[in-house]
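Undergrad: Under this note's numbering, the residues of the sequence shown are numbered 277 to 1166, in order. Take a look at this one; I'll ask things after.
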Amino acid sequence: MEETVPTITKTTCPYCGVGCGILATVGADGTLAVRGDPDHPANFGRLCSKGSALAETVDLEGRLLFPEIDGRRAGWDEALDRVAETFSRTIAEHGPDSVAFYVSGQLLNEDYYVVNKLMKGFIGTANIDTNSRLCMASSVAGHRRAFGADTVPGSYRDLELADLVVLVGSNLAWCHPVLYQRLAAAKAERPEMKVIVVDPRRTMTADIADQHLAIAPDGDVALFNGLLAHLAEAGALDENYIAEHTTGFAEALAAAWRLDMDGIAAETGLDRASIAEFYRLFAATEKVVTVYSQGVNQSSVGTDKVSAIINCHLATGRIGRPGMGPFSVTGQPNAMGGREVGGLANMLAAHMDIDNAADRERVQRFWRAPVITSAPGLKAVDMFRAVADGRIKALWIMATNPVDSMPDGDMVETAIRACPFVVVSDVVGETDTVRHAHVKLPAAAWGEKDGTVTNSERRMSRQRPFLPRPGEAKPDWWIVTEVARRMGFAEAFPYASPAEIFAEHAALSAFENHGTRDFDIGAHAGIDAAGFDALAPFQWPARAGETPADDIRFFAEGGFFTPDRKARLVPVTTMAPARTSEGFPLVLNTGRVRDQWHTMTRTGKSQRLSQHLAEPFVEIHPADAATYGIADADLVRVTSARGAIVVRALLTSRQREGSIFVPMHWTDQFAADGRVDRLVPPIIDSTSGQPALKHVAVRIARFTAAAYGFAVLTGKPKRIAADYWAIARCEGGWRVELAFANAVADWPAVADAILPGVPDADTLSFQDAVAARRRFARFVGERLIGALYLAAEPVAVPRDWVVEQLSQAHADQRARLAVLAGRPGKGGEDKGAIVCSCFGVGVRQIAGAVVAGCHTVEAVGDALLAGTNCGSCRAEIRSIIHAHRLQAAE
Ligand code: SF4
277 MEETVPTITK TTCPYCGVGC GILATVGADG TLAVRGDPDH PANFGRLCSK
327 GSALAETVDL EGRLLFPEID GRRAGWDEAL DRVAETFSRT IAEHGPDSVA
377 FYVSGQLLNE DYYVVNKLMK GFIGTANIDT NSRLCMASSV AGHRRAFGAD
427 TVPGSYRDLE LADLVVLVGS NLAWCHPVLY QRLAAAKAER PEMKVIVVDP
477 RRTMTADIAD QHLAIAPDGD VALFNGLLAH LAEAGALDEN YIAEHTTGFA
527 EALAAAWRLD MDGIAAETGL DRASIAEFYR LFAATEKVVT VYSQGVNQSS
577 VGTDKVSAII NCHLATGRIG RPGMGPFSVT GQPNAMGGRE VGGLANMLAA
627 HMDIDNAADR ERVQRFWRAP VITSAPGLKA VDMFRAVADG RIKALWIMAT
677 NPVDSMPDGD MVETAIRACP FVVVSDVVGE TDTVRHAHVK LPAAAWGEKD
727 GTVTNSERRM SRQRPFLPRP GEAKPDWWIV TEVARRMGFA EAFPYASPAE
777 IFAEHAALSA FENHGTRDFD IGAHAGIDAA GFDALAPFQW PARAGETPAD
827 DIRFFAEGGF FTPDRKARLV PVTTMAPART SEGFPLVLNT GRVRDQWHTM
877 TRTGKSQRLS QHLAEPFVEI HPADAATYGI ADADLVRVTS ARGAIVVRAL
927 LTSRQREGSI FVPMHWTDQF AADGRVDRLV PPIIDSTSGQ PALKHVAVRI
977 ARFTAAAYGF AVLTGKPKRI AADYWAIARC EGGWRVELAF ANAVADWPAV
1027 ADAILPGVPD ADTLSFQDAV AARRRFARFV GERLIGALYL AAEPVAVPRD
1077 WVVEQLSQAH ADQRARLAVL AGRPGKGGED KGAIVCSCFG VGVRQIAGAV
1127 VAGCHTVEAV GDALLAGTNC GSCRAEIRSI IHAHRLQAAE
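Spelled out as structure tokens, the structure:
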């Protein structure tokens, strides 16, 4: 019999803005394998832990498979009719500004293009914004006011070619891991290359840094203004570039003089010597790339931070040449694409300007649209305010979870719940947002979608389908097209495939362009289905008639997209106001962790990814912890003026004193009280509208519990009656952390509520009345189906060993009693917290290898395999080696 050759599909990772190429292979038995595409210019075969675990996230558990109206299953026709009729009626009764779309950087360009066209050209409002507003709107605003367009001037290759890479507000090691690996590899090859990290936290990224500047929150404008002044004093300016290609230098420099070195030290919280060393190195190095990300953007002065950075590059002419330039890296897989199609409320399609009458007329003419929006629409924070006060009466949320990601999350949830008509198109059937939808529309997921995405270096790549769409799931572009047709716009929405939409998007980008706009992919305007299928990753611009190139850069010779083709240096002096007070003395910073993505709807399915950090946590400096009487692994209540959450304490001197950090990922689906967005006030940057997600005044206090628990279960727990709980996938099932504020009178009842109820199950239990400990282990045959450990103090069983027991056979009573005791028997091993997700290697194993003589990351890899696959944990391995060697030396 002939053997079937598995099909390999070239596609793109759906997570971060690095945009790695992936080879997806579906075997004859339907199993999926993914690996990095060696030919993709973003990653050359590398993948991080999240990308490597993609195959674990495509199951159908929790998928929304059929349309629903008011909680009942409906057919597509009925659901689409309901959406179109309600939107049309609302517009007729209250005007176009009474409806809104809140969309997502997870959408493909083709999805994004049609929804933007529908709103801005046919409904006639710009009330469409995207969760990219939370991610890089300040970079967009900073680019536009400096360059006249939202242009990222450089390429990833520049990070490898630079002699100095300055990372500002960017935990590249965890948030853009493959780009970090490229940088780390370049530095290993050329040790003379310098890396400086500017970040309040000493993140894993700082492990390759020659200098870490633990800057005060929002001190960046002062730091880079000071740098501009120093460059002038040191004679490091490029006078010719300034004269020929820029305006506004004198004003920007005058603003930069505002602070002397003492003032800069005061506003940045850095010592003078460290600042001087940074300035000296920057001035002396021609090839400098400044990478910035959410630490810059998510601020009430984010746009000014971007301008302060760009000013330094313009003043030195270090832009658009190999190894030089300011470089914004985006969080989401298609944040860049959203900007290209005009997915933000203040942008028009194809990088045209909503405030420019000629651009509006051009887009309207191209679309043959009956109307064109005449003004910017509501940006995300204002949009949900308008939902709350009733101005928005019909809201469509696509592929995003604003209840968990927007600031003032409780207000956002209340607003959505009260909105007269809410449509959510999503792949997940139950999220903190989906549960409030009147109409739920099942969207195609990664692996089923067909279209393009654009990464942080302007590279467009195909996402290709390799799995059948389950149930009645449909692509987002199809859903929007069908609604547009039902609203009376059939002629303008004739699309039968994403290729047709991409061709139109490309044609619009080139329409009356003549080099006056940066975004031009006119080379693909005539693309057909076969061409779209075969489309290889390419960087824009890709103008018709020009030879395709790679590592295309902008602005080495000027040519900005302003009326006089000169860049604008923008004088910036703004300081973020101090927010702390006696009642809220600490600054809360929010962000990402290595192995989770956004609100965990996808990465939360992977046991491999969930074992890295299995609970919501707060990083606290040991000195602050001592002040507030908090010990490592205590539960902590974090309170702001908006609300409170309860998370696990993680004490680390990587955290700056006076600041704490809580990750953004945990939702009501994974923890009792871990939604950090409910603490964040809706303070925004006045130019970009981006919320200040990294500067929130809070206080902390130990959460005192009368009892604690830890459980492992084969099935997802349904109801958890505990004051604190957090669940995470693990091998063979789920793991659960618990705490009870009050003493529990009936432990067996707690056990029965949590452990799986299976007839014929055999439950062992143990009670130590003196020490107030109870343990339960439930078996069916040889299989453990659940174990629960309860105690008056935090439960001290080895978590990873207990988790492993779910996958073991327990034939004899000794093995069962070991599970009940929560102690590895003879020969058992406690790995400790998992560091290497790919090979399941724990911190104790790595520490053991270090003690045994493995003193480099490579040696640990040789001994344990840890860090030898995706490489995302290499920075942590390095820090474990360092910590143990320091300990040994003491
Ligand atoms: S760095 Fe990781 S998450 Fe980002 S695109 Fe690449 S594989 Fe995906």
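Beta carbons: idealized from backbone N, C-alpha and C, even for Gly.
So is Val894 buried or exposed if we call it buried at 16+ other beta carbons inside 10 Å?
TA: One-based indexing of the sequence shown puts residue 894 at position 618. When all chains shown are included, Val894 counts as buried.
Undergrad: Closest to Phe1052 by CA distance: which of Ala1029, Ala818 and Leu529 is it?
TA: In the sequence shown, residue 1052 corresponds to position 776, counting from 1. Considering only alpha carbons, the answer is Ala1029.
Undergrad: Could you say which of Arg924, Thr1039, Thr990 and Ser1041 lies nearest to Glu1013 if we only look at CA atoms?
TA: Your numbering for residue 1013 matches position 737 in the sequence shown. The shortest CA-to-CA distance from Glu1013 to any of Arg924, Thr1039, Thr990 and Ser1041 is the one to Arg924.
Undergrad: Closer than 7 Å by C-beta to Cys324: which residues in its own chain qualify, once you throw out the five before and the five after it? Chain order, please.
TA: Here the question's residue 324 lines up with position 48 in the sequence shown. So the qualifying residues of the chain are Pro453, Val454, Cys1146 and Ser1148.
Undergrad: For Gln574, tell me which candidate among Asp305, Ser446 and Arg661 has the shortest Cα-Cα distance.
TA: On the sequence shown, residue 574 is found 298 positions in, with the first residue counted as 1. Taking only the C-alpha atoms, the option nearest Gln574 is Ser446.
Undergrad: Using the Cβ count rule (16 or more neighbours within 10 Å means buried), how would you classify Val1046?
TA: For the purposes of this step, residue 1046 is taken as residue 770 along the sequence shown, with counting starting at 1. So Val1046 ends up on the exposed side.
Undergrad: Would you kindly check if the distance between the Cβ of Thr757 and the Cβ of Gly400 is under 8 Å?
TA: Walking along the sequence shown from the start, residue 400 turns up at place 124. Walking along the sequence shown from the start, residue 757 turns up at place 481. It is not a contact, given that the beta carbons lie outside the stated cut-off.
Undergrad: Does DSSP classify Phe363 as helix, strand or coil?
TA: Numbered from 1 along the sequence shown, position 87 holds the residue referred to as residue 363. Helix, per DSSP.
Undergrad: Specify, as a first and last residue, the run of the beta strand (DSSP E) that Pro602 falls within.
TA: Looking up residue 602 in the sequence shown gives position 326. That run of the beta strand (DSSP E) goes Gly601 to Ser604.
Undergrad: Taking contact to mean at least 3 C-beta pairs separated by less than 8 Å, is the stretch 904-917 in contact with the stretch 975-994?
TA: Because the criterion of three Cβ pairs below 8 Å is met, the stretch 904-917 and the stretch 975-994 touch.
Undergrad: Collect the residues with a C-beta less than 6 Å away from any heavy atom of the ligand SF4 and give them in sequence order along the chain.
TA: Cys289, Tyr291, Cys292, Val294, Gly295, Cys296, Asn319, Leu323, Cys324, Lys326, Gly327, His452, Pro453 and Val454
Undergrad: Taking the alpha helix (DSSP H) that Ala753 falls in, what are its first and last residues?
TA: Residue 753 sits at position 477 when you count from the first residue of the sequence shown. The question names Ala, but residue 753 is Trp in the sequence shown. Residues Asp752 to Ala760.
Undergrad: Classify Arg1215: buried if its beta carbon has 16 or more other beta carbons within 10 angstroms, exposed otherwise.
TA: With the chain covering 277 to 1166 only, the question about residue 1215 has no answer from this structure.
Undergrad: Tell me which residue opens and which closes the alpha helix (DSSP H) that Ile960 is part of.
TA: Here the question's residue 960 lines up with position 684 in the sequence shown. Careful: Ile960 lies outside any alpha helix (DSSP H) and carries neither H nor E.
Undergrad: Sort Cys289, Asp315, Cys292 and Glu332 by Cα distance to Gly306 and report the nearest one.
TA: As a working mapping, residue 306 is identified with position 30 in the sequence shown. Checking every option, the nearest Cα to that of Gly306 belongs to Glu332.
Undergrad: Within this structure, are the beta carbons of Phe697 and His714 separated by less than 8 Å?
TA: For the purposes of this step, residue 697 is taken as the residue at position 421 of the sequence shown. For the purposes of this step, residue 714 is taken as the residue at position 438 of the sequence shown. Result yes, Cβ atoms of Phe697 and His714 sit closer than 8 Å.
Undergrad: Count the other CB atoms within 10 Å of the CB of Asp405; is the residue buried (16 or more) or exposed (fewer)?
TA: Start at 1 with the first residue of the sequence shown, and residue 405 comes out as number 129. Its Cβ being crowded by 16 or more others within 10 Å, Asp405 is buried.
Undergrad: Please state if the CB of Arg735 and the CB of Pro813 are separated by a distance shorter than 8 Å.
TA: Looking up residue 813 in the sequence shown gives position 537. Looking up residue 735 in the sequence shown gives position 459. Yes, the pair counts as a contact, with Cβ atoms nearer than the cut-off.
Undergrad: Short of 8 Å in beta carbon distance, which residues of its chain neighbour Ala1087, apart from the five on each side in sequence? Order them along the chain.
TA: Counting from one through the sequence shown, the residue named residue 1087 turns up at place 811. For Ala1087, where only same-chain residues beyond five positions count, the Cβ hits under 8 Å are Glu1058.
Undergrad: Give me the residue from Phe500, Asp752, Asp514 and Asp483 with the minimum Cα distance to Glu833.
TA: In the sequence shown, counting from the first residue as 1, residue 833 sits at position 557. That would be Asp514, whose Cα lies nearest to the Cα of Glu833.
Undergrad: Taking the alpha helix (DSSP H) that Gly571 belongs to, which residues open and close that run?
TA: Taking the first residue of the sequence shown as position 1, residue 571 is located at position 295. Where Gly571 is concerned, the enclosing alpha helix (DSSP H) stretches over Gln570 to Asn573.
Undergrad: For Phe837 versus Asp794, is the C-beta distance shorter than 8 Å?
TA: Taking the first residue of the sequence shown as 1, we reach residue 837 at position 561. Taking the first residue of the sequence shown as 1, we reach residue 794 at position 518. Their beta carbons are under 8 Å apart, which means Phe837 touches Asp794 by this criterion.
Undergrad: Could you check which residue in Lys581, Gly495 and Thr523 has the C-alpha nearest to that of Ala542?
TA: Within the sequence shown, residue 542 is the residue found at index 266, counting from 1. For Ala542, the nearest C-alpha among the options comes from Gly495.
Undergrad: Residue range of the alpha helix (DSSP H) that Arg793 falls in?
TA: Within the sequence shown, numbered from 1, the residue matching residue 793 stands at position 517. Here Arg793 belongs to no alpha helix (DSSP H), and DSSP marks it neither H nor E.
Undergrad: Which residue's Cα is closest to the Cα of Trp862: Thr427, Arg641 and His971?
TA: For the purposes of this step, residue 862 is identified with residue 586 of the sequence shown, where counting begins at 1. The sequence as given places Leu at residue 862; Trp does not occur at that position. That would be His971, whose Cα lies nearest to the Cα of Leu862.
Undergrad: Pick out whichever of Ala645, Asp1022, Gly1009 and His897 has its Cα sitting closest to the Cα of Leu394.
TA: Residue mapping note: residue 394 aligns to position 118 of the sequence shown, counting from 1. Comparing alpha-carbon positions, the option among Ala645, Asp1022, Gly1009 and His897 lying closest to Leu394 turns out to be Ala645.
Undergrad: Nearest to Leu1064 by alpha carbon, out of Trp533, Leu989 and Ala360?
TA: The sequence position of residue 1064 within the sequence shown is 788, counting from 1. Considering only alpha carbons, the answer is Leu989.
Undergrad: Can you have a look at Asp1077 and say buried or exposed, based on whether 16 or more other CB atoms are within 10 angstroms of its CB?
TA: If you number the sequence shown from 1, residue 1077 lands on position 801. Asp is not the amino acid found at residue 1077; the sequence shown has Trp there. Buried, because 16 or more other Cβ atoms sit within 10 Å of the Cβ of Trp1077.
Undergrad: First and last residue of the alpha helix (DSSP H) that includes Gly442?
TA: Residue numbering aside, residue 442 sits at position 166 when the sequence shown is read from its first letter. The displayed chain sequence assigns Val, not Gly, to residue 442. Taken as a continuous stretch (DSSP letters only), Val442 belongs to no alpha helix (DSSP H), being part of the beta strand (DSSP E) at Leu440 to Val444.
Undergrad: If we count the other Cβ atoms within 10 Å of its Cβ and call it buried at 16 or more, is Thr561 buried or exposed?
TA: The count along the sequence shown starts at 1 and reaches residue 561 at position 285. With 16 or more other Cβ atoms within 10 Å, it is buried.
Undergrad: Taking contact to mean 3 or more Cβ pairs, one atom from each stretch, closer than 8 Å, check whether the stretch 354-362 and the stretch 703-717 are in contact.
TA: yes
Undergrad: Can you find the residues in the same chain that come closer than 8 Å, C-beta to C-beta, to Trp352, ignoring five residues on each side of it along the sequence?
TA: The residue labelled residue 352 in the question sits at position 76 within the sequence shown. Pro343, Glu748, Lys750 and Glu758.
Undergrad: Using C-beta distances below 7 Å, list every residue in its chain close to Ala899, excluding the 5 sequence neighbours before and after it, in chain order.
TA: Counting from 1 along the sequence shown, the entry for residue 899 is found at position 623. The answer, listed in chain order, is Glu933.
Undergrad: Going by the DSSP bridge assignment, what does Gln1043 pair with across the sheet?
TA: Translated into positions along the sequence shown, residue 1043 becomes position 767. Gln1043 is bridged to Arg1050.
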